[in-house]
Amino acid sequence: RELSNIIEQAVVLSRNETLTVSDLPLRLSPGEEIPDEPMGLEQQVANLERKHLRKAMKESLGNKSAAARLLGISERKIRYMLKKYGGD
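Just so we're aligned: 17 in full-length UniProt numbering is position 17 of the sequence shown, and the numbers increase by one with no gaps anywhere.
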């Protein structure tokens, strides 16, 4: 069930017709360790936000306005997330 959810999420979030390793959540990327204990919902949301923020900032070459458009959120929210998760 979890694998099915991960694949479905990757398909929805991918901008390409073919999924690649980079489309998968960080916890499934090569070299990543799976935590011994399950994370709480709050931690999972934070990890997902952080991952998508990093990806959008990378794709937009650090342009906050472009990253906000990629994520479908306001530039103000991008600034908040950068402050919250570091990277600004």
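For each residue, glycine too, the CB sits at the ideal point set by N, CA and C.
Next item on the list: Give me the Cβ distance between Leu-19 and Ile-6, rounded to the nearest whole Å; I'm assuming they're in contact under 8 Å.
Entry: For the purposes of this step, residue 19 is taken as the residue at position 19 of the sequence shown. For the purposes of this step, residue 6 is taken as the residue at position 6 of the sequence shown. Contact doesn't hold; Cβ gap of about 11 Å is too wide.
Check: Is Lys-64 near Ile-78, with beta carbons less than 7 Å apart?
Finding: As a working note, residue 64 is residue 64 in the sequence shown. As a working note, residue 78 is residue 78 in the sequence shown. Contact annotation: Lys-64 and Ile-78 have beta-carbon atoms nearer than 7 Å.
Notebook entry, point to check: Is the distance from the Cβ of Tyr-85 to the Cβ of Arg-50 below 7 Å?
Noted result: Counting from 1 along the sequence shown, the entry for residue 85 is found at position 85. Counting from 1 along the sequence shown, the entry for residue 50 is found at position 50. Here Tyr-85 is near Arg-50, since their CB atoms are less than 7 Å apart.
Note to self: Within a Cβ cutoff of 7 Å, which residues of the same chain sit near Ala-67, ignoring the five residues on either side of it in sequence?
What the structure shows: Here the question's residue 67 lines up with position 67 in the sequence shown. If you ignore the 5 residues before and after Ala-67, its C-beta comes within less than 7 Å of the C-beta of Ala-56, Met-57, Ser-60 and Ile-78, all in its own chain and listed in chain order.
Next item on the list: Grab the span of the alpha helix (DSSP H) containing Ser-14 for me, first residue to last.
Entry: As a first step, residue 14 must be located in the sequence shown, where it is residue number 14. In the DSSP annotation of this structure, Ser-14 is not part of any alpha helix (DSSP H), being labelled neither H nor E.
Checklist line | Backbone CA spacing between Pro-38 and Gln-44 [nearest angstrom] | finding: Residue mapping note: residue 38 aligns to position 38 of the sequence shown, counting from 1. Residue mapping note: residue 44 aligns to position 44 of the sequence shown, counting from 1. So the alpha carbons of these two residues sit roughly 9 Å apart.
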